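J.: The structure follows.
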Ligand code: HEC
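Spelled out as structure tokens, the structure:
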């Protein structure tokens, strides 16, 4: 006898597939939003300019996806990112200046995403 079609199980599988697509198909823009005037205006710390944020983003995109894929900047808390950058700047052999720019970009972009409440790119869990 042929196996009966089980709608409940099929629905569960669809939901799982959907969850995978949401995280699996995030665009670069969603993971690391481009530097805009609004983002530059956040001014988390003195000396962070639009240019240093742009520099930080470029390094993030070009250097931080070499060994693993880049992560959405809002996936981790500020505190976690500071710890992560200590380790990953060494992995990437970044200079002090580059490390500062990348961290400034990540923390500013996180704040930007909070402000603009881009729910689609917001992960369900922020890892502390
Ligand atoms: C030479 C390879 C390499 C490069 C380049 C690299 N990483 Fe990593 N990264 C790793 C490895 C290996 C791990 C997992 C082990 C670990 O946490 O040390 C990791 C883990 C991570 C994690 C997960 C940490 C966690 O707690 O789960 C993040 C986020 C991350 N890297 C960000 C970055 C950023 C940002 C850069 C660019 C500055 C970068 N990585 C460049 C090798 C690399």
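In the working numbering, the protein residues as written are 574 to 701.
Heads up, the beta-carbon is just placed ideally off N, CA and C, and yes, glycines get one too.
Bear in mind that the values here come from a model prediction, so they are computed numbers and not experimental data.
Have a look at the DSSP bridge pairing and note the partners of residue 700.
T.: As a working note, residue 700 is residue 127 in the chain shown. Note: residue 700 sits in a beta bridge opposite 649.
J.: Of the choices 685, 700, 701, whose alpha-carbon is the least far from that of residue 605?
T.: Residue mapping note: residue 605 aligns to position 32 of the chain shown, counting from 1. When only C-alpha atoms are compared, the closest one is 685.
J.: Taking the beta carbon of residue 602 as the centre, do at least 16 other beta carbons fall within 10 Å, making it buried, or is it exposed?
T.: To locate residue 602, count along the chain shown from 1; it is residue 29. When all chains shown are included, residue 602 counts as exposed.
J.: Could you tell me which of 622, 645, 631 sits nearest to residue 533, measuring between CA atoms?
T.: Absent from the model: residue 533. The displayed extent of the chain is 574 to 701, so no value can be given.
J.: Taking residue 689 as the reference, which of 662, 659, 615, 650 has the closest Cα?
T.: Residue 689 sits at position 116 when you count from the first residue of the chain shown. Among 662, 659, 615, 650, the Cα nearest to that of residue 689 is on 615.
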